[in-house]
Structure formats: C-alpha cells, structure tokens
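Peer 1: Sharing a structure, written as structure tokens. Questions coming.
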Amino acid sequence: MSTEEIPSSFPVELLTQPIGARLEYFEQRCLIEHPRLREALDQILQTICPPGEGASVRRPGTMLLVIGPSRVGKTTLIHLLEERLRALSREQMAHDASFIPFASVLAAGPEAGHFDWREYYRAVLRSLQDPFVDGKIARIRARELREAMETALIERKLLAIIVDEAHHLAKAASGRRLQDQLDHLKHFENLTGVSHVLVGTYEMRPFRRVNPQLACRSVDVHFPRYDASKEEDAQVFQSVLWALQRQLPVEQEPHLVDQWEFLYARSIGCIGLLKMHLNRALHLALTEGTKTVTLVHLRKTAMPEAKVELALHNALESEAELTEADGADERLLTLLGLRERENAVPAQAKRKGQSSSRKPQDRPGKRLPGRDSTGQEEDYEAPMPLSGEEAAAG
Amino acid sequence: MSMTGQTTTSVRVMDSWKEESPQPQAFPDGAIPPRSKLYGLMPCGLGTLFQESLTSYLNRLGRRHGVSPRALVAQEFLPHLTSEYPQYHLAAFSRGTAVGINGTGTVAVEWASVLEQLTQRSDLHWLTLRWWIGDIQPRGLLRKVPAWCPACYAAWKEGALSIYQPLLWMFLSVTLCPEHEIGLIDRCPHCQKYQSVISSKKTPAGWCTQCNIWLGGTGNLLPGMVSEKQREQQAWVIRILEELRVENASSEGLSWKYFFENLATCMKERGAPSKLADLTGMDRNVFYFWTGRMHLSYTPSFETILAFCYACNVTPLQFMRTPAVLFQKMQQEALPQRLQSKPKRNRVDRKRCQDVLQAVLDGCEEPLGITSLAQRLGYHESLLLRYFPAECQQITQLAQEHRKQRRARYTTHVCEEVRHAVMDLHARGIFPSHRKVRALLSDPNYMRMPEASAAWHATRRELGLEQ
C-alpha cells in the first residue's frame, strides 16, 4: 500500500500533554468524514442550492427529512452542512451584511403533551441574532413571535432552517396533529422560500406518510448505518477504524482493524456508536496508564448486548421501511393500470382455466356429465331434486 | 494489520467544536464578516425628491422588527450616543425635538452614523438635510412636528407601495404637496393631535400615532390658504430644493459661504444695499449683518434666504456660482415679489366666518360643532371663540341637540331593524334566537346596544315567545 493512502496520525506532541487534553483531542476535535456522510451532505446541498452557483441562486423552499438511527453521526452531518453553507455563502455575505444563510435550532422535547412553537420561534430568532428576542421588550405572544420570525426569514434571506432532534415534532402529535405541525412548517416555506432540514431518528418515519401532498413535496435523505454483510460497507467500516486508530493519542498504535468484527457488532455499523466506544476505551486506557488500547479495554467498555440488540431491531425494522424493495417499478406500474392492460388476455384465460377446474357451484349434488359415461343419464338426473324448470319440463 | 482496498475516509481535526453544547455556535467569531444587528432596509425614494427622512426610516425599522420604534431607540441607539437621554426625556424628545434628527446639525450626523453602523448600510446619511442643502443654519429649516399629504398616503396605499414620510415634508418652507397641490396637514383630523416623531406604537406609517386612525384621504383643501400665487411660489420653492439636492448629490457638499461671499461682493457696488432693500423689502442693514460687515453678524435662516432669492428672482445655486446674476437683476426695474411661505393667521377674514356661522344658525348647514367649523374655515377654534363668542355658544347648543337627535334616530333605526328581523324569522317559522337575529342585521354589532336588545325582547314578548 502506498504512503499516500495511510491516514494521518495525531500530533506527536500530544503524548506530553495531560490526559484531559489527549481525551479532548480525540473525543471532540477528531471528526470522521466517511462516504455515507458525504452522500447525505451532497444530497442536502443539491436540494437547498444548486452546485457551483453559491448562495445567490436558490431553489424554492423544500422540506428535507434526514432520517437515521441514533448515534449514526447526524449532529456531525449538521456541523458539516453548516460549514459548507457558510463556504457557499461567503461571497454573498461579504456583499450583503444583512444576509444570514441558515439558522440552526434544536427542537425541544414536548412539554404537557404538545410541541411548544413559541420556543421554536425564539430559538430561530436567537440563531438569527435578533436583538429583541430576550430582554425588556421581548415579544411574548405566539402571533408576535411568529410574525417576527417570518420577517426575519425574509429580511435575512435565509436558505435553510436546520432542525436537530426533529422527531420531537412527532411526539404527542397523532395523525391530524402531526399533519398540522408539518403544514405549519410548509407555510413558512411557501411564504419565505426557506427550506427546512429536519434531522432526527427513525421516529420521524410517520412524517413521510402523513399527507399525500407533503409526500410529493418533501425529500427523504436516509442516513443509515453501515451493513457489513455488504462487502463495500465492510471495507469502508474497516477504513474508518484504521483512520481512528491512527488518531488515538497513545504511545503504541492499537490494532483495531483486527478486531473490526467485534467493534462492528457492538456499534451495529453506526460510526457515532463506534466513536463513543473508542472514547470510553481510550479513557480507560489512559486512566490505567497503559501504552495502548487493548482488546481488554474494548471489551470492558463495550455496550451491553441487550442494548445493542434493541438498537439493531429498531434499525432493521426502520431500514426495511425506508429501503425500496426490488420490483418497485413493476408494482407501481400495476397500480397505475399499465400492467393489467398488457396482461389482459392471459388473465382472462387464466380465469377461465380456473373456473373449469372448479366444481360447478350452481350444480350441487350433480354429477359431472362426463363422469358416468355409459347410459347413466336417467340415473344421473334421478337423485337430484328437480329444479323448477326441470319439473315444468316434465 | 491487513487492509484491502483504498482508504475512503478522512479525519479532520477541528479547532473548536464542543459536542456537548446543545447548540454549537453557528457563526464562530472570525468565520464570517460581522452581520448587521438590525435589518438593512432599503430607504424609500432614495435619490429622488421624495426620498425618505431619517425618522421615517427609524420608525419603519422598528415596525419591521416587530417592536415599538421608541423601544428600539432606547435599547439599540442610546448606548451609542454621546448625549444622555433619560427615559422621561426620551419620551419628550420623541414627541417633538427628535425632528432635529433629520436636520443639518450634530444630532443628525450622530444618529445617521449610529444607524449606518447598526444596519451596515452606507447610504443613510442621505436621509438628512445636511446632505440635501448643505451647511446652512438649522434655524427655521425644519418643522416642529411632522406634516403629511393625505392624498399621497391614500395613493400609496391604493398602489400597495410603502408608506413613509419624505424628507421634503420636513421643510418648514414647504406647505403644499408638489404632487397633489394640496396643503400639508400636521394635525390628525380625528383627535386633533400632532404626530410623534418617533412613535411609541407598532402601528404602521400613515396611521395616527395617537389615536390609530388612518390619515390618508382626499386632502383637506383649506380655503383662503391656497391661492394661485401660493401655488406658484411653492412650485418655485420645490424647484430650488430639487436644484440644491441634485447639486449636493453630485458634488462633495454645498457650502453656503460662497453665497455670502458673493453677496459681500455685490454690496460693494455703489447703491447696491439700497437697491436690494427696495427689491426685497428688507432693511438695508440686514445685509451688512449677513456679510459680517457690522459689529454683530449672523447667518439668516433658510426661509429668509429663500425670500431674498425670490424677491431678487435668482436661485441660491445661481448666486453661489455666478454673483453677476444679482447685478443684472438689480439693474432691472421690476415690481418687488414677496415670498409668503407661511399663511397670515393673525388676519382673520371675519366676514367669511360670520357668513358661515350665520348659515349654521339659520339651519342652512348641519351644526357639527366649533372644531369642525374651525377646521373648515382654516383657523384655530380659539380664534372663533374669541371673535364670535355668542354665535359659538349657540352653535354648540345646536350641535349638542343635533347629536342627540341623530343618536335618537340611529337608535330608532336599529330597533326597527331588529324588530323586522324578529318578525321575518317568526313568519318563516324560525325561532328568533339572538344568533339568528344577528345574522340578519346589516351590522351584527347592533345587538350589543342595550336598546336593540330591549327591542328584541319586546318583540318576542309581543309574539308570545317570551314571558
């Protein structure tokens, strides 16, 4: 393997730093960019603004649902998205001091069974550096806050609102209520042209089915875990491990790739879970004063089987719903009626064949004509109770 | 260690990113240019005769932020200003003195600078008179309270345009709207109060800052004030202002010292002071004061300068550029022209007032009250009360009686309508409940009147539907 392919290592001077600094380096400053992350990022950016055009040309407001398992790296995705939007908007921001490309908010958990829109409006206004959201002349009423947010979205010419933990919108909202929540967001998109990027866990799956109109106007971005049963995913997972093991600030580089199956099993392919596992193992190793992270450390800090199984069941169930099964085109064409017209003659023949093989329902107790072939017609008719017509016929 | 395939991931080391903070800072310091604290609204009419005034921009900015303009000033402006504005002073300042923000002095310069800093715009200084007419003395330049043209407000509303206050209406010398040729008014027709310069409410421009009533309309053409001569003079004033604005915009700034230097040059001509005095009707010593040739010198107000130029039939800009033009005018023998920029309120046309009052007393006109009559005549009501006390007292009594009768007729009409609605419902076999009767009335709020409610009950009792 060529030298260029070896991932970069941590700065050597870190080894002289205290444990806290080394932990902080690995836990908070190392950011893994892997293919799934990049694909999701590119898909989001293509929807918000066309590539190569910067922020001066924008697409109409769209709702993006970024769905993935817990701890797959959604917050990292948001961070990278913010960075890319800033880079795209740099020229326009230099030209127009009012322009702010995005607002990033965290959807708060519901209180008293309903989503608090006022807190949401305040969070967006704070993100847009509104000087009147807190303080003596803060707006209190929901209507005032909503109008202030609408004006801010228009005046600041926002491209997107990024909502983390967006599955909280679905909590305590059944059917009709959920539709209202999403319609409310759609109203802002229509009014201001801003896109919503709703990032959340698989609890957001009902969002996709709530309304046919919304289904046609929203974009799903599935950000799944790596599935090691596929060769390609397994290779990427191993390359992530390799990159991470080079960044662990220990005297001796550990051999994590050799244990990749164990680490995969305990993280179910979610890079966030993997990173957290390695954070804990590194903490243990540094506390014990060892020179490297060993399998013992990894086993001691691994997530329990029960929790992993729970997460895996949830992920498998959700992936089945979100992944399109084979034959989708055929099914759609059948529903649209195209397949039925092409198969009309064989279908009728099939139905005739089926009916001829069935016993005649309108002749209960009657023996089939071909059953008794020799002079059985009179005997054949006698046991049968005469029908009205036959009695009339004599 | 064994690896197959190529490495397709990369690791980046971030400078600062705290994963544990619930909302990572979206714009870390230094990552992007600083954003404006307030919205950078586009000033209305910039570069035209109807360009917006700075106080109007301030009010519009507050409303756009969804807060009261005065509260916006208190929170965002006061910390940046060198002058101190305690809370109670801010209220008084906002009601009247704040008009100086639109002027030529240090207050205007400071406020424009702070506003440009907060909005990150560089063109807001054009919204003050400093950049319209130059470094002229601020005395006699600005109105004390804002005035407006109702027809302009109505036209902008109809055309769905932004409603704002042009800087042109802030000039004391401008009394007619150049678009509609009607008088600018400074009192609300409903509550008779002046408008606040910096509003304390969120109501949009075009609505009274005191009583929230719409100020637009066909305009209040005040007879006796607008004559053909005044129209001509106002047209001349507008031409002068436009000339000065264009010159100021294209050069580095107008300086009025050239005006007085050229005047001093003219004064050296033999007999020039006397000729100027004859032309303008001003005392000849005044010109010496203006040019500093006496022990006491002062700069005249803008109004006085306009009157001087009008009488000499020159424009200030012409005189600044070419002093010889004044010599030519002095040589011509022409009737003196006097520029009357203010109406002469101390001369009341008593005969006209007497005729109108008598018409009301005779019953030829509807007795609406002294305030309405005074507005119609173009004078203050205190003048009518002073000159015609007896007639005013009779008219007041007539007006009160008229209002009572009008109220009684109104009440009767409402009760009749309620009664008809009840009867109509009963004839159709529908029980005349409160809601059903309300739905049939021309104004559902009639039912809130106690008389209407009493009529409803009485009619139902009459029909036997109620005991």
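Residue numbers (numbering that gives the first Met the number 0), protein chains in the order written: chain A, 0 to 393; chain B, 0 to 466.
Glycine included, each C-beta is placed from N, C-alpha and C at the ideal position.
If you follow the beta strand (DSSP E) that residue 219 of chain A is part of, which residue opens it and which one closes it?
Peer 2: Here the beta strand (DSSP E) through residue 219 of chain A covers 217-221.
Peer 1: Taking residue 57 of chain B and residue 131 of chain B to be in contact with their CB atoms under 8 Å, please state how far apart those CB atoms are, rounded to whole angstroms.
Peer 2: About 18 Å; that fails the 8 Å criterion.
Peer 1: Between B/402, B/124, B/158, B/59, which lies nearest to residue 202 of chain B when the distance is taken from Cα to Cα?
Peer 2: When only C-alpha atoms are compared, the closest one is B/59.
Peer 1: Determine, for residue 96 of chain A, whether the minimum Cβ-Cβ distance to residues of chain B falls below 8 Å.
Peer 2: With 8 Å as the cut-off, residue 96 of chain A counts as an interface residue toward chain B.
Peer 1: Taking Cβ positions only, does residue 75 of chain B come closer than 8 Å to chain A?
Peer 2: Answer yes: the Cβ-Cβ gap between residue 75 of chain B and chain A drops below 8 Å somewhere.
Peer 1: How about the stretch 305-324 of chain B and the stretch 146-161 of chain B: do they share at least three Cβ pairs that are nearer than 8 Å?
Peer 2: At 8 Å Cβ cutoff, the stretches do not touch.
Peer 1: If we call anything under 8 Å between Cβ atoms a contact, is residue 301 of chain B one with residue 161 of chain B?
Peer 2: Their beta carbons are not under 8 Å apart, which means residue 301 of chain B does not touch residue 161 of chain B by this criterion.
Peer 1: Does the Cβ-Cβ distance between residue 233 of chain A and residue 267 of chain A come in under 8 Å?
Peer 2: Cβ distance not < 8 Å, so residue 233 of chain A and residue 267 of chain A don't count as in contact.
Peer 1: Please determine, among A/322, A/261, A/250, the residue with the shortest C-alpha to C-alpha distance to residue 395 of chain A.
Peer 2: The shown model of chain A, from 0 to 393, leaves out residue 395 of chain A, and the question about it has no answer.
Peer 1: Three Cβ pairs or more, each shorter than 8 Å: is that satisfied between the stretch 419-431 of chain B and the stretch 453-464 of chain B?
Peer 2: They touch, by the three-pair rule.
Peer 1: Among the residues of its own chain, which have a CB less than 7 Å from the CB of residue 107 of chain A, if the five just before and after it don't count?
Peer 2: Closer than 7 Å at the Cβ level, and outside the excluded window around residue 107 of chain A, lie 115, 118, 167.
Peer 1: For chain B, is any of its Cβ atoms less than 8 Å away from the one on residue 279 of chain A?
Peer 2: By this cut-off, residue 279 of chain A is not an interface position.
Peer 1: Assuming the contact rule is C-beta atoms closer than 8 Å, residue 97 of chain A and residue 257 of chain B should be a hit. Round their C-beta distance to whole Å, please.
Peer 2: Incorrect: roughly 40 Å between the Cβ atoms, too far for contact.
Peer 1: Is residue 300 of chain A closer than 8 Å to residue 283 of chain A when the C-beta atoms are compared?
Peer 2: Taking 8 Å as the Cβ cut-off, residue 283 of chain A and residue 300 of chain A qualify as a contacting pair.
Peer 1: For residue 107 of chain B, go through chain A and note every residue whose CB falls closer than 7 Å to its CB, in chain order.
Peer 2: Within 7 Å Cβ-Cβ: nothing; residue 107 of chain B doesn't reach chain A, min ~23 Å.
Peer 1: Would you report the Cα separation of residue 170 of chain B and residue 85 of chain A, rounded to the nearest angstrom?
Peer 2: For residue 170 of chain B and residue 85 of chain A, the distance between alpha carbons rounds to 46 Å.
Peer 1: Using the Cα positions of residue 50 of chain B and residue 318 of chain B, report the straight-line distance between them to the nearest angstrom.
Peer 2: Looking at the two C-alpha atoms, the distance is approximately 26 Å.
Peer 1: Within 8 Å of any Cβ in chain B, is that where the Cβ of residue 138 of chain A sits?
Peer 2: Taking Cβ atoms only, chain B reaches closer than 8 Å to residue 138 of chain A, which makes this a yes.
Peer 1: I want to verify the contact list: residues of chain A whose CB lies under 8 Å from the CB of residue 116 of chain B, in sequence order.
Peer 2: Chain A residues near residue 116 of chain B: none, gap ~11 Å exceeds 8 Å.
Peer 1: Give a yes or no on whether 8 Å exceeds the smallest Cβ distance from residue 408 of chain B to chain A.
Peer 2: Judged by the 8 Å Cβ criterion, residue 408 of chain B is not in contact with chain A.
Peer 1: Grouping DSSP H, G and I as helix and E and B as strand, with all else coil, what is residue 107 of chain A?
Peer 2: Coil.
Peer 1: Give me the subset of the stretch 40-63 of chain B whose CB atoms are less than 7 Å from a CB atom of chain A, sorted by chain position.
Peer 2: Answer in chain order: 63.
Peer 1: Considering residue 423 of chain B, what are the terminal residues of the beta strand (DSSP E) in which it resides?
Peer 2: First-last for residue 423 of chain B: 388-426, but that is the alpha helix (DSSP H), not the beta strand (DSSP E).
Peer 1: Between the stretch 11-30 of chain A and the stretch 274-281 of chain A, are three or more C-beta pairs nearer than 8 Å?
Peer 2: The stretch 11-30 of chain A is in contact with the stretch 274-281 of chain A.
Peer 1: How is residue 207 of chain B classed by DSSP in three states: helix, strand or coil?
Peer 2: Of the three classes helix, strand and coil, the one that applies to residue 207 of chain B here is coil, per DSSP.
Peer 1: Residues in the same chain with beta-carbon distance under 7 Å from residue 137 of chain A, minus the five sequence neighbours each way, listed in chain order, please.
Peer 2: Correct list, in chain order: 131.
Peer 1: Do residue 67 of chain B and residue 199 of chain B have their C-beta atoms closer together than 8 Å?
Peer 2: Yes. Within cutoff.
Peer 1: For chain B, find out if any of its Cβ atoms is closer than 8 Å to the Cβ of residue 328 of chain A; answer yes or no.
Peer 2: No, residue 328 of chain A lies away from the interface with chain B (no Cβ there is under 8 Å from its Cβ).
Peer 1: Whose C-beta lies closer than 6 Å to the C-beta of residue 9 of chain A among residues of the same chain, with five residues either side of it excluded?
Peer 2: The residues are 246, 248.
Peer 1: Check the C-beta distance from residue 253 of chain B over to residue 261 of chain B and give it rounded, since I have them as a contact under 8 Å.
Peer 2: Not confirmed; about 14 Å, so no contact.
Peer 1: Going by Cα to Cα distance, which pick from B/210, B/454, B/157 is closest to residue 188 of chain B?
Peer 2: Closest by alpha carbon: B/210.
Peer 1: Please identify, using Cβ separations under 7 Å, the residues of the stretch 148-179 of chain A that lie next to chain B, in order along the chain.
Peer 2: Taking 7 Å as the Cβ-Cβ cut-off against chain B, the residues of the stretch 148-179 of chain A that qualify are 150, 154.
Peer 1: For residue 62 of chain B, count neighbouring Cβ atoms within 10 angstroms of its own Cβ and tell me buried if that reaches 16, exposed if not.
Peer 2: Flag for residue 62 of chain B reads buried.
Peer 1: Rounding to the nearest angstrom, what Cα-Cα distance links residue 235 of chain B and residue 195 of chain A in this structure?
Peer 2: Taking the straight line joining both Cα atoms gives about 57 Å.
Peer 1: Between residue 180 of chain B and the ligand SAM, is the CB less than 7 Å from at least one heavy atom?
Peer 2: No copy of the ligand SAM occurs in the structure displayed, which carries no ligand at all.
Peer 1: Any idea which residues DSSP pairs residue 394 of chain A with across the strands?
Peer 2: Missing from the structure shown is residue 394 of chain A; chain A here goes from 0 to 393 and no further.
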